[in-house]
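Asker: Under our numbering, the sequence shown has 303 at position 303, and the numbering climbs by one with no breaks. Heads up, the beta-carbon is just placed ideally off N, CA and C, and yes, glycines get one too.
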Amino acid sequence: MGKILVTGGAGFIGSNFVHYVIANTDHHVTVLDKLTYAGNVESITHLPGERLTFVQGDIADPSVVEPLVAASDVLVHYAAESHNDNSLHDPRPFLDTNIIGTYTLIEAARKHGKRFHHISTDEVYGDLELDDPERFTENTPYNPSSPYSSTKAGSDLLVRAWVRSFGLQATISNCSNNYGPYQHVEKFIPRQITNVIDGIRPKLYGKGENVRDWIHANDHSSAVLAIIDKGRIGETYLIGADGEKNNKDVVELILSHMGQDNDAYDHVVDRPGHDLRYAIDSTKLRTELDWKPEFSNFEAGIEDTIKWYRDNEAWWRPQKAETEAKYKEQGQ
Ligand code: NAD
Ligand code: DAU
């Protein structure tokens, strides 16, 4: 049995990973999370206490990080400022957490000789044209567009440099857009589902033609566990499930599954610098580590996600009004 330190384990993907590890392994999990506006400890408090320890703290604070790293076997680093729109209005927290926070963690992992897995995003590669036959691979050059994605790119490069210069025992994964339970209502899919529940029309940025490559959060978790178990040190693995959809199609699918006319949405002002398309080629992960996604039916996954938001209003309701007020100020 191993001891895993999960940063950001009260956030969307981190909490799904904690659920997944507890259900599918014997590992003990310690979550380190600052509980920013995006963190919700209720996403994990119902899990068995003997398998999980929760610590509230900042990954950029070495006095918090050091003892937790020393006491762990493996670190899995999810904590981040994660929302592109926020990074366009207030970039500073993205630098503090995504750059300085990652630096603080890899310094501690180096000092204590611990295995480190860095969670990153496909956004570090920039975007693709709609008709580009190519998809992102591990060899695509970095070309981030937003303050968020540029800080994630910076954090990836720090990890790579620590591997090469200091022999850090690290791997990196870059995943596409996740969906599933426990996602903050600021993000695209939960925003539209909870809007419909509240009688608000879904909001599409620009023409809605932007494409995202959707993967269920559980498939992201199984891929991360495969990389921790079998991944080669120093390597990067792209995680994706061949789930390309444009935003308009996703909104129409949500509306039709929620009993609404499928054109009952509004076009709103576009995101500045809005990446057009992401698409992942996950051949390396699939062939080298024998991984494959389980959630291949996006429509069924969206139906489950709608049900989860309907059934768990107490979880998301406290964030909804403030989130929508912020979007309204931005014309979105
Ligand atoms: P999220 O915003 O839902 O959760 C982030 C968590 O990190 C929150 O619980 C927050 O409280 C915590 N946190 C923030 N700053 C912290 C700090 N300084 N110290 C400690 N904890 C802090 O984000 P998410 O969508 O779950 O993303 C998690 C990770 O996965 C991020 O690294 C993100 O870049 C990456 N990622 C996300 C997606 C996606 O589709 N959401 C896709 C690929 C990669
Ligand atoms: O690709 C991985 C990335 O996916 C992660 O690194 C990020 O942390 C995560 O937030 C996500 O980034 P996106 O910017 O793609 O996600 P978001 O949910 O903000 O938006 C998805 C798409 O939907 C994007 O094209 C913008 C659009 N959108 C978003 C919102 C909130 C709308 O059309 N309307 C909306 O109300």
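Taking 7 Å as the limit between beta carbons, can you name the residues of its chain near residue 65, skipping five residues before and five after?
Answerer: As a working note, residue 65 is residue 65 in the sequence shown. So the list reads 59, 104, 105 and 108, once near-sequence residues are dropped.
Asker: For residue 121, verify whether its CB is less than 7 Å away from any heavy atom of the ligand NAD.
Answerer: For the purposes of this step, residue 121 is taken as the residue at position 121 of the sequence shown. At least one heavy atom of the ligand NAD is nearer than 7 Å to the Cβ of residue 121, so yes.
Asker: Taking C-beta to C-beta, are residue 202 and residue 278 nearer than 8 Å?
Answerer: Looking up residue 202 in the sequence shown gives position 202. Looking up residue 278 in the sequence shown gives position 278. The answer is no: Cβ separation not under 8 Å.
Asker: Curious, which full-length alpha helix (DSSP H) runs of at least 4 residues does the stretch 7 to 88 contain?
Answerer: Inside the stretch 7 to 88, DSSP marks whole alpha helix (DSSP H) runs of 4 or more residues at positions 12 to 24 and 62 to 70, from first to last along the chain.
Asker: When the Cα atoms are used, what is the spatial distance from residue 274 to residue 143?
Answerer: Your numbering for residue 274 matches position 274 in the sequence shown. Your numbering for residue 143 matches position 143 in the sequence shown. In a straight line, the C-alpha of residue 274 is about 13 Å away from that of residue 143.
Asker: Can you list the beta strand (DSSP E) stretches of 3 or more residues lying completely in the stretch 220 to 253, in chain order?
Answerer: Contiguous beta strand (DSSP E) elements confined to the stretch 220 to 253 occur at 236 to 239 and 244 to 246, taking only those with 3 or more residues.
Asker: Using a threshold of 8 Å, state whether the C-beta atoms of residue 116 and residue 151 are closer than that.
Answerer: In the sequence shown, the residue the question calls residue 116 occupies position 116. In the sequence shown, the residue the question calls residue 151 occupies position 151. No, the pair does not count as a contact, with Cβ atoms beyond the cut-off.
Asker: Which one of 22, 101, 214 and 189 has the shortest CA to CA distance from residue 307?
Answerer: Position 307 of the sequence shown, counting from 1, holds the residue named residue 307. Of 22, 101, 214 and 189, the residue nearest in Cα terms is 189.
Asker: Which residues bound the beta strand (DSSP E) around residue 170?
Answerer: What you label residue 170 is simply residue 170 of the sequence shown in a count that begins at 1. 170 to 175 is the span of the beta strand (DSSP E), which, as asked, contains residue 170.
Asker: Please report how far the alpha carbon of residue 296 lies from the alpha carbon of residue 92, in whole angstroms.
Answerer: Walking along the sequence shown from the start, residue 296 turns up at place 296. Walking along the sequence shown from the start, residue 92 turns up at place 92. Using only the alpha carbons, I get a separation of about 37 Å.
Asker: DSSP three-state call for residue 121: helix, strand or coil?
Answerer: As a working mapping, residue 121 is identified with position 121 in the sequence shown. Residue 121 falls in the strand class under three-state DSSP.
Asker: So, do the stretch 191 to 207 and the stretch 20 to 36 have three or more beta carbon pairs nearer to each other than 8 Å?
Answerer: no
Asker: Report whether the distance from the Cβ of residue 188 to the nearest heavy atom of the ligand DAU is below 7 Å.
Answerer: By 1-based counting over the sequence shown, the position of residue 188 is 188. Yes, since a heavy atom of the ligand DAU falls inside the 7 Å radius drawn around the Cβ of residue 188.
Asker: Across the stretch 165 to 175 and the stretch 300 to 317, are there enough close Cβ pairs to call them in contact, namely three or more that are closer than 8 Å?
Answerer: no
Asker: Under 8 Å, do residue 211 and residue 158 count as touching if we go by C-beta distance?
Answerer: Residue 211 sits at position 211 when you count from the first residue of the sequence shown. Residue 158 sits at position 158 when you count from the first residue of the sequence shown. No, Cβ-Cβ distance for residue 211 and residue 158 is not below 8 Å.
Asker: By the DSSP assignment, the alpha helix (DSSP H) with residue 285 in it spans what residues?
Answerer: Within the sequence shown, numbered from 1, the residue matching residue 285 stands at position 285. Counting along the chain, the alpha helix (DSSP H) containing residue 285 begins and ends at 283 to 288.
Asker: Where residue 219 and residue 294 are concerned, what is the direct C-alpha to C-alpha distance, given to the nearest angstrom?
Answerer: Working through the sequence shown from its first residue, we reach residue 219 at position 219. Working through the sequence shown from its first residue, we reach residue 294 at position 294. C-alpha separation (whole angstroms): 6 Å.
Asker: Give the DSSP bridge partners of residue 136, in chain order.
Answerer: Taking the first residue of the sequence shown as position 1, residue 136 is located at position 136. Note: residue 136 sits in a beta bridge opposite 280.
Asker: DSSP three-state label for residue 152, please.
Answerer: Along the sequence shown, one-based indexing puts residue 152 at 152. Residue 152 falls in the helix class under three-state DSSP.
Asker: By how many angstroms is the C-alpha of residue 163 removed from the C-alpha of residue 337?
Answerer: The chain is shown only over 1 to 332; residue 337 falls outside these bounds and no answer can be derived.
Asker: Can we count residue 30 as close to the ligand NAD, meaning its CB is less than 7 Å from some heavy atom?
Answerer: Residue 30 sits at position 30 when you count from the first residue of the sequence shown. False, no ligand heavy atom lies under 7 Å from that Cβ.
Asker: Might you give, ordered along the chain, the residues of its own chain that have their beta carbon closer than 6 Å to the beta carbon of residue 252, omitting 5 neighbours on each side?
Answerer: Within the sequence shown, the letter at position 252 stands for residue 252. These residues qualify, in order along the chain: 262.
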